[in-house]
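Report on the following structure.
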Amino acid sequence: MGHTLKILGRASSINVRKVLWTCDELSVSYEREDWGSGFASTQSPEFLQLNPNAQVPVLIDEAGVLWESNTICRYLAGKHQNTDLLPIEPAARARVEQWMDWQATELNPSWGYAFFALVRQSPDFQDSQRIADGVRGWNAKMGILEQQLTATGAYVAGPRFTLADILIGLSVNRWRMTPMERPDYPAVDAYCQRLALRPGFMAHACNGVP
1 MGHTLKILGR ASSINVRKVL WTCDELSVSY EREDWGSGFA STQSPEFLQL
51 NPNAQVPVLI DEAGVLWESN TICRYLAGKH QNTDLLPIEP AARARVEQWM
101 DWQATELNPS WGYAFFALVR QSPDFQDSQR IADGVRGWNA KMGILEQQLT
151 ATGAYVAGPR FTLADILIGL SVNRWRMTPM ERPDYPAVDA YCQRLALRPG
201 FMAHACNGVP
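The sequence shown lines up with residues 1 to 210 when you count with UniProt numbering.
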């Protein structure tokens, strides 16, 4: 029935895992192909024709090709008319998208140097001062999340689980798994306990991969 949804990207990629978890929440079946580090090269002409940025994930379905993980997640929620994950009402939707964009533009850049140094152990990321600055900046962004979760007492954008929690749940897992000093954030800890009740979180976030 219909066109099989195809996802290109290795399952260890945090951005691919956003899409896989979204598919789980929507009960959408898919085929996944390994592309990226250690697998088929995203620099190949075949892949670059699909995504000129040479990044995973790429989604292919009957409507064509999409890249950018957050956009793919929005698309899937809209395609399957799931208004819990992505509301239709403008203000409610904007609150979800605000935190999705925050994850991409504020939280995600904050961990770059520290993550590559402490988890990937890349020789290009071994400046101790920059690592310390990175850890401090990452913890500060997580402090913003702590304040928000203290205010909502539930999920990032309010009382209900949304797409924002898929992105940020994966980010929180990465933060907790990186070997570094972290402040005590009780609202974030409680949030993880709530997320752990969702099979998608256990399969794609809390699965031993930072």
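Every residue gets a Cβ at the ideal spot worked out from N, C-alpha and C, and that includes glycine.
These numbers come from a predicted model, not from an experiment.
query                                                                                                                                          : result
In whole angstroms, what separates the C-alpha of residue 152 from that of residue 188?                                                        : 12 Å
Please state whether the Cβ-Cβ distance between residue 22 and residue 163 is less than 8 Å.                                                   : yes
Any contact between the stretch 55-69 and the stretch 135-143? By contact I mean 3 or more CB pairs, one from each, below 8 Å.                 : no
Quick check on the burial criterion: 16 or more other C-beta atoms within 10 angstroms. Buried or exposed for residue 79?                      : exposed
On the three-state DSSP scale, how would you describe residue 61?                                                                              : strand
I need the straight-line Cα distance from residue 165 to residue 18, nearest angstrom please.                                                  : 10 Å
What would DSSP say about residue 85, mapped onto helix, strand or coil?                                                                       : coil
What would DSSP say about residue 33, mapped onto helix, strand or coil?                                                                       : strand
Once DSSP output is grouped into helix, strand and coil, what is the label at residue 8?                                                       : strand
In three-state DSSP terms, what is residue 211?                                                                                                : Outside the displayed range of the chain (1 to 210) lies residue 211, so it cannot be described from this structure.
Assuming contact is defined by CB atoms lying nearer than 8 Å, are residue 8 and residue 33 in contact in what I supplied?                     : yes
Considering only the beta carbon of each residue, do residue 197 and residue 168 sit closer than 8 Å?                                          : no
Look at the alpha carbon of residue 29 and the alpha carbon of residue 47, and state the distance between them as a whole number of angstroms. : 22 Å
Helix, strand or coil: which one does DSSP assign to residue 203?                                                                              : helix
Helix, strand or coil for residue 134? Go by DSSP, reduced to three states.                                                                    : helix
Exposed or buried, what is residue 120 when buried is set at 16 or more other beta-carbons lying within 10 Å of its beta-carbon?               : exposed
Should residue 117 be labelled buried (16 or more other beta-carbon atoms within 10 Å of its own) or exposed?                                  : buried
Span of the alpha helix (DSSP H) holding residue 91?                                                                                           : 90-102
Can you give the Cα-Cα distance for residue 61 and residue 180, rounded to whole angstroms?                                                    : 40 Å
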